[in-house]
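Student: Before anything else, here's the structure in question.
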Amino acid sequence: MLTKELAIYDIEGSQIKPDRLTQKKHERYVAYAEQMLRLYRDGIGKTRHELHSAIRQVFINEPDCSPQRIDAFCKLLDEDRICKFDTDRHGNAAALRCKIFGLAAGYHPLVQYKDRLFEHCEMEVKQTIAQKLGRPDWSEIEVELFADVFEFNRLKSFAGYDSAEALLSRYNVAQVQASLFNAKKIVLWARSDFQRIVTHAKLAHLLHEITPPPDNETNGEYKIVLDGPASVLRETRRYGVNLARFLPALLSCRDWRMTAEVKIQRIPRPFWLQLSSDSGLRSEMTPLEEFDSKVEKGFAMKWGQDKREGWSMKRAGGILQRKQTAFVPDFVFQHDDGRKVFLEIVGFWTPEYLRAKIEKLKLFDDEHIILAVAESVGEKLPTMSQEVILYKSALKLKDVLAALARESLRSAS
Amino acid sequence: MEAVPNNQALRFDKGTLLLESQPPPGLASYFKWDQRAEAWRCDALHYPEVEYALKETCPDYSVPIPHGIKVNWPCANLPPLRVDQESALQAWMKTRRGVLVMPTGTGKTEVALHIMHRLPVFTLVVSPVRDLMYQWHQRIQERLGYNAGIIGDNTFNKQPVSVTTYDSACIHMQNFGAEFELLIFDECHHLPGQVRSDAARMSVAPYRLGLTATPERSDGREAALDSLIGPIVFRYPLSEAKGRILADYEVKRLPVYLTPDEQAKYDRCSGVIRHFMSEQRKTHPNYSFVELRKEYAKSPEARQVLQAFYTKESIEDRAHEKMRVLEDLFRLHQGQRILVFTKTNMMAREVSARFLIPSLLHHCRKRERKDILDGFRNNRYAAIVANQVLDEGVDLPEAKVAVVLGGLASVKQAKQRLGRILRKRGEETAVLYEVVCNDTKEVERSRQRRRSDAYQGTRHLRH
Chain A
1 MLTKELAIYD IEGSQIKPDR LTQKKHERYV AYAEQMLRLY RDGIGKTRHE LHSAIRQVFI
61 NEPDCSPQRI DAFCKLLDED RICKFDTDRH GNAAALRCKI FGLAAGYHPL VQYKDRLFEH
121 CEMEVKQTIA QKLGRPDWSE IEVELFADVF EFNRLKSFAG YDSAEALLSR YNVAQVQASL
181 FNAKKIVLWA RSDFQRIVTH AKLAHLLHEI TPPPDNETNG EYKIVLDGPA SVLRETRRYG
241 VNLARFLPAL LSCRDWRMTA EVKIQRIPRP FWLQLSSDSG LRSEMTPLEE FDSKVEKGFA
301 MKWGQDKREG WSMKRAGGIL QRKQTAFVPD FVFQHDDGRK VFLEIVGFWT PEYLRAKIEK
361 LKLFDDEHII LAVAESVGEK LPTMSQEVIL YKSALKLKDV LAALARESLR SAS
Chain B
1 MEAVPNNQAL RFDKGTLLLE SQPPPGLASY FKWDQRAEAW RCDALHYPEV EYALKETCPD
61 YSVPIPHGIK VNWPCANLPP LRVDQESALQ AWMKTRRGVL VMPTGTGKTE VALHIMHRLP
121 VFTLVVSPVR DLMYQWHQRI QERLGYNAGI IGDNTFNKQP VSVTTYDSAC IHMQNFGAEF
181 ELLIFDECHH LPGQVRSDAA RMSVAPYRLG LTATPERSDG REAALDSLIG PIVFRYPLSE
241 AKGRILADYE VKRLPVYLTP DEQAKYDRCS GVIRHFMSEQ RKTHPNYSFV ELRKEYAKSP
301 EARQVLQAFY TKESIEDRAH EKMRVLEDLF RLHQGQRILV FTKTNMMARE VSARFLIPSL
361 LHHCRKRERK DILDGFRNNR YAAIVANQVL DEGVDLPEAK VAVVLGGLAS VKQAKQRLGR
421 ILRKRGEETA VLYEVVCNDT KEVERSRQRR RSDAYQGTRH LRH
């Protein structure tokens, strides 16, 4: 990720627009990106200082490029996951300095011209020290003296980006992230992928507040507010880093839009950063694997559109949430007399997974929930207090109807 | 350290407190209802009050956050305090929350170590930079025989008594804010930043000690220290300290001139800037650097102008003549410890490579720092060079000569830098040399610096 200082953005009214390189407006940048990647690929053994100076040269005649943008490119090229520098982890430079300053201490001060009082001439002393270290040339030592300093680290390897476009695309995402560092919260609207979005938000240590769509709205939007624990006490930017970290995961999800409230230094009024799954930003993150939904689909087809024994069925039709646990069971059944039962299908499972699931369901023990669990050859089903349907390859209508009748009449605790 | 059980009515959650029941009357304003957790939330900072109130209303209530386990100091090697230090300690012990304002060199670390000795609880010492963090580690080792944990500088070793930096404390306090009972904020004027305050807000610690020579901040946020640490309980004015505990000092300004080459380049840059500005002002009479900075992304010309500006700064910073003057000062003060301050890392490394004296910079790791500081202390090294790293509090005993090669004009920095060389030892007078380029902006900065009250009443010798 970039640092706060490298965030470039335009302000339009109360909107904040992170810097974005596009095919149309920044055609020349594809060639620049290629040059930059080449410089790094051919730059093994060079210092960061040399590499960054070379990158600066790439843009020397480009009218539309701020120094910040160049610094941002340098930062992205230097990113740990694609690039290794020799940071002198074993402390060779420090040891060398220690040795040399120790040797030189007896000659202090090193003067340019000797006189009777001060007889240690800079060049002579340095040559003497080089000899003592068994090195022919002082200038060679001087190069190594600060090899552990960030700017003087040497490039060891560069995996790079797949293409010039990949670098430019990474740049665009990184600029949005950099603006998010100053965000107080994100408000999101999502549909089918909302559970995945919430999962990713949790992984980024964010807290969520979910408002489901109104009951009568089919395919309505879930509203998700993301920020952190202290956000309820005061406006704080301390979770901006988490929000920025969450962004690539969000970009791998479908059908959402978001607004982030961003604070700009020394300006009291709030600014808004808007983005959606149609913004054209790409994430290098592969989407979370699709759940196996063959059983779900098959069952939905079998049930069809009609009511059965007074029950109507809806897929993923309701959200259950308690504190920071939210989940949407696969099916919700509503009886004409008002009874409501949820059905959750568990395909592949391990005892640990099942136990965690049951633990989660305990939070909702005032709701009617049925579990449909695939029969497993290897594992024995743990004992559960829930209504459970075992199935082999497909879920049978009569099993579900029987379970619905039993569960809906159980008095909820 | 054990995790706090989370099935309690009041619990620590990521730097805040969560209360399942109704907040105690009188403290309701601290709390906000948090739908997401289905509980009342408030800053961990309020823990002592909240805990007290809950105990009052509900006698069998007991939630020990923190747990109240005592620390055993392996040894106590504490020299007795001076009278003034003793009164600082007494003042703080009355409330166990508050700030001691004591100038550099009056031994505020000693006072803090005595406090730690009297109050042996789980303690976290927070300092602004890594150097100071290591220094605290060393002092705790020497005085109390305790090997404190280190949190920061790519290390995470948490112990019942630990040292850390503001940046690390701000990040991690949400995780371990329930574990420490005493927080010590060294150079605590660094605390009241918008995000940094979390280092104090996200902790339940009932005991809090702030140490500073200069509580004033240019943004006026020092008032926040009151709620984050406590009120100022002791103040030691610099004027009282001067000449009594601190040595007398004088400031000498040494002007240097640019070499003909440097001057020519400098003038060329000035020309570029002047020309551009006067052109702009024909159409925009109020055109300034603020506008220029806005334009530089879009205009190569504006970028050149800004580059010229940076080049000028760099010429000033690294003027060749400064090395010659420095050589003269080394000759003049042969046999005395000399501290050299530079404005940039680049210049510090240049000085270091030219004179082969150690440079104390950000990249120096623990062992090298120790070698440099110890070597300077026991006269193995006659001189060392540093940039702003050494601005604050880093212990460099009894240096009598300091040289500043350019620097920024701020009241705090001037005080801190002076404090560094003012340690009382014999009747020798300390000298601070400022080496500045003549006919450049550095001269103006030097004037500003001398206006600050730390310099008032000092002798200025013109050369």
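Quick mapping for you: the protein sequence lines, in order, are chains A and B. My numbering puts the first residue of the first sequence at 1, with every later residue one more than the last. My numbering puts the first residue of the second sequence at 1, with every later residue one more than the last. Just so you know, even glycine gets a beta-carbon here, dropped at the ideal spot from N, CA and C.
1) Grouping DSSP H, G and I as helix and E and B as strand, with all else coil, what is W40/B?
2) Roughly how many angstroms separate the alpha carbons of Q194/B and Y257/B, rounded to a whole number?
3) Which chain B residues sit within Cβ distance under 9 Å of Q324/A?
4) With a Cβ-Cβ cutoff of 9 Å, do K314/A and E261/A count as a contact?
5) Excluding the 5 residues flanking E344/A on each side, which residues of the same chain have their C-beta closer than 6 Å to its C-beta?
6) With distance defined between alpha-carbon atoms, name the residue in K84/A, T3/A and F194/A nearest to R41/A.
7) Need the endpoints of the alpha helix (DSSP H) that Q177/A sits in, please.
8) Give the straight-line distance between the Cα atoms of L332/B and V143/A, rounded to the nearest whole angstrom.
9) From the DSSP output, which residues share a beta bridge with W311/A?
10) I think Y478/A touches V125/A, with their Cβ atoms under 8 Å apart; what is that distance to the nearest whole Å?
11) What is the rounded straight-line gap between the Cα of G335/B and the Cα of A382/B?
12) Report the rounded CA-to-CA distance for L408/B versus K343/B, giving the unit in angstroms.
13) Determine the direct distance from the alpha carbon of G45/A to that of E289/A, and round the result to whole angstroms.
14) Determine, using beta-carbon pairs with one atom in the stretch 356 to 370 of chain B and one in the stretch 296 to 313 of chain B, whether at least three such pairs fall under 8 Å.
15) Could you check the C-alpha separation between C98/A and F73/A for me, to the nearest Å?
16) Hey, quick one: how far does the alpha helix (DSSP H) through V232/A stretch, first residue to last?
17) Answer with buried or exposed for F156/B, where buried requires no fewer than 16 other C-beta atoms within 10 angstroms of its C-beta.
18) Using the beta-carbon count (16 or more within 10 Å), is Y353/A buried or exposed?
19) I want to verify the contact list: residues of chain A whose CB lies under 9 Å from the CB of F330/B, in sequence order.
20) CB-CB under 8 Å to G243/B, same chain, minus the five flanking residues each way: which ones, in chain order?
21) Any beta carbon of chain B sitting closer than 9 Å to that of G91/A?
22) What do you get for D131/B, buried or exposed, if any count of 16 or more other CB atoms within 10 angstroms of its CB means buried?
23) Looking at C-alpha atoms only, which residue of F276/B, V161/B, P300/B and K282/B is the closest neighbour of F289/B?
24) Look at E209/A and H52/A and say whether their C-beta atoms are less than 9 Å apart.
25) Hey, quick one: how far does the alpha helix (DSSP H) through M258/A stretch, first residue to last?
26) Shortest alpha-carbon distance to R339/A belongs to which of F101/A, S385/A, E309/A and A300/A?
27) Does C269/B get closer than 9 Å to chain A when you measure Cβ to Cβ?
28) What does the Cβ neighbour count give for E350/B, buried or exposed, with the cut at 16 atoms within 10 Å?
29) Please report the distance separating the alpha-carbon of A414/A from that of P18/A.
30) Y433/B to I115/B, Cα distance in whole Å?
31) Alpha carbon to alpha carbon, how far is R274/B from N286/B? Give it in angstroms, no decimals.
32) Let me know the beta strand (DSSP E) ranges lying completely inside the stretch 97 to 158 of chain B, each 3 residues or longer, listed in chain order.
33) Using the beta-carbon count (16 or more within 10 Å), is A76/B buried or exposed?
34) With contact counted as at least three CB pairs below 8 Å, one residue from each stretch, are the stretch 204 to 221 of chain B and the stretch 180 to 196 of chain B in contact?
35) Do F146/A and L203/A count as a contact pair if the criterion is CB distance below 9 Å?
36) Near S408/A, which residues of its chain fall below 7 Å by C-beta distance, leaving aside the five closest residues on each side in sequence?
Tutor: Once the coordinates are examined:
1) Walking along the second sequence from the start, residue 40/B turns up at place 40. Strand at W40/B.
2) Your numbering for residue 194/B matches position 194 in the second sequence. Your numbering for residue 257/B matches position 257 in the second sequence. Looking at the two C-alpha atoms, the distance is approximately 43 Å.
3) For the purposes of this step, residue 324/A is taken as residue 324 along the first sequence, with counting starting at 1. Near Q324/A (Cβ distances below 9 Å), the residues of chain B are R36 and A37.
4) Here residue 314/A corresponds to residue number 314 of the first sequence, with the count starting at 1. Here residue 261/A corresponds to residue number 261 of the first sequence, with the count starting at 1. Between K314/A and E261/A, the C-beta spacing is not below 9 Å.
5) Position 344 of the first sequence, counting from 1, holds the residue named residue 344/A. For E344/A, where only same-chain residues beyond five positions count, the Cβ hits under 6 Å are P329, D330 and L371.
6) Start at 1 with the first residue of the first sequence, and residue 41/A comes out as number 41. Between R41/A and the set K84/A, T3/A and F194/A, the nearest pair of CA atoms involves K84/A.
7) By one-based count along the first sequence, residue 177/A stands at place 177. If you look at Q177/A, you'll find it in the alpha helix (DSSP H) that goes A164 to L180.
8) As a first step, residue 332/B must be located in the second sequence, where it is residue number 332. As a first step, residue 143/A must be located in the first sequence, where it is residue number 143. Roughly 31 Å between the two C-alpha positions.
9) Locating residue 311/A in the first sequence gives position 311, counting from the first residue. Note: W311/A sits in a beta bridge opposite R308/A and H335/A.
10) The displayed coordinates of chain A run from 1 to 413. Any statement about residue 478/A would go beyond what the structure contains.
11) Locating residue 335/B in the second sequence gives position 335, counting from the first residue. Locating residue 382/B in the second sequence gives position 382, counting from the first residue. The alpha-carbon of G335/B is positioned some 7 Å away from that of A382/B.
12) Numbered from its first residue, the second sequence carries residue 408/B at position 408. Numbered from its first residue, the second sequence carries residue 343/B at position 343. Reliability fails at L408/B, whose pLDDT of 44 lies under 50, so the model's placement of it is uncertain and the value that follows must be treated cautiously. Roughly 8 Å between the two C-alpha positions.
13) Reading the first sequence from its first residue, position 289 is the one you call residue 289/A. Reading the first sequence from its first residue, position 45 is the one you call residue 45/A. Confidence in E289/A is poor, its pLDDT being 48 and thus under 50, which makes the residue's placement too unreliable to answer from.
14) Contact fails: fewer than three Cβ-Cβ distances are below 8 Å.
15) Indexing the first sequence from 1 puts residue 98/A at position 98. Indexing the first sequence from 1 puts residue 73/A at position 73. A direct Cα-Cα distance of roughly 35 Å separates C98/A from F73/A.
16) Position 232 of the first sequence, counting from 1, holds the residue named residue 232/A. Where V232/A is concerned, there is no enclosing alpha helix (DSSP H), because DSSP gives it neither an H nor an E.
17) On the second sequence, residue 156/B is found 156 positions in, with the first residue counted as 1. Exposed, because fewer than 16 other Cβ atoms sit within 10 Å of the Cβ of F156/B.
18) Translated into positions along the first sequence, residue 353/A becomes position 353. Burial call: exposed.
19) What you label residue 330/B is simply residue 330 of the second sequence in a count that begins at 1. Using a Cβ-Cβ cut-off of 9 Å, F330/B is close to H108, P109, L110, V111 and F118 of chain A, given in chain order.
20) On the second sequence, position 243 is the one that residue 243/B refers to. Legend: pLDDT at G243/B = 48, less than 50; position of this residue unreliable, value from coordinates given subsequently. Counting only Cβ-Cβ distances below 8 Å, and skipping sequence neighbours, we find nothing.
21) Within the first sequence, numbered from 1, the residue matching residue 91/A stands at position 91. Using a Cβ-Cβ cut-off of 9 Å, G91/A counts as an interface residue toward chain B, since at least one Cβ of chain B sits closer than that to its own.
22) Working through the second sequence from its first residue, we reach residue 131/B at position 131. Its Cβ being crowded by 16 or more others within 10 Å, D131/B is buried.
23) Here residue 289/B refers to the residue found at position 289 when the second sequence is read from its first residue. Cα-wise, what sits closest to F289/B is F276/B.
24) Taking the first sequence and counting its residues from 1, the one referred to as residue 209/A is at position 209. Taking the first sequence and counting its residues from 1, the one referred to as residue 52/A is at position 52. Taking a C-beta distance under 9 Å as the contact criterion, E209/A and H52/A do not qualify as a contact pair.
25) Locating residue 258/A in the first sequence gives position 258, counting from the first residue. For M258/A, there is no enclosing alpha helix (DSSP H); the residue is found in the beta strand (DSSP E) stretching over W256 to I264.
26) The residue you call residue 339/A lines up with position 339 of the first sequence. Per the Cα distances, E309/A.
27) Mapped onto the second sequence, residue 269/B falls at position 269. Cβ-Cβ to chain A under 9 Å: no for C269/B.
28) Position 350 of the second sequence, counting from 1, holds the residue named residue 350/B. With 16 or more other Cβ atoms within 10 Å, it is buried.
29) Residue coverage of chain A in this structure runs from 1 to 413, which leaves residue 414/A outside it and unanswerable.
30) Position 433 of the second sequence holds residue 433/B. Position 115 of the second sequence holds residue 115/B. Spanning the two alpha carbons is a distance of roughly 37 Å.
31) As a first step, residue 286/B must be located in the second sequence, where it is residue number 286. As a first step, residue 274/B must be located in the second sequence, where it is residue number 274. About 14 Å.
32) Counting only runs of 3 or more, we get 97 to 101, 123 to 127, 149 to 152 and 155 to 157.
33) Against the second sequence, residue 76/B aligns to sequence position 76. Exposed, since its Cβ has fewer than 16 Cβ neighbours within 10 Å.
34) Touching, yes, given that three or more Cβ pairs across the two stretches are closer than 8 Å.
35) Position 203 of the first sequence holds residue 203/A. Position 146 of the first sequence holds residue 146/A. The criterion of a C-beta distance shorter than 9 Å is not satisfied by L203/A and F146/A.
36) Here residue 408/A is taken as the residue at index 408 of the first sequence, counted from 1. Within its own chain, the residues whose Cβ lies closer than 7 Å to the Cβ of S408/A, once the five positions on either side in sequence are excluded, are H335, R339, V341 and H368, listed in chain order.
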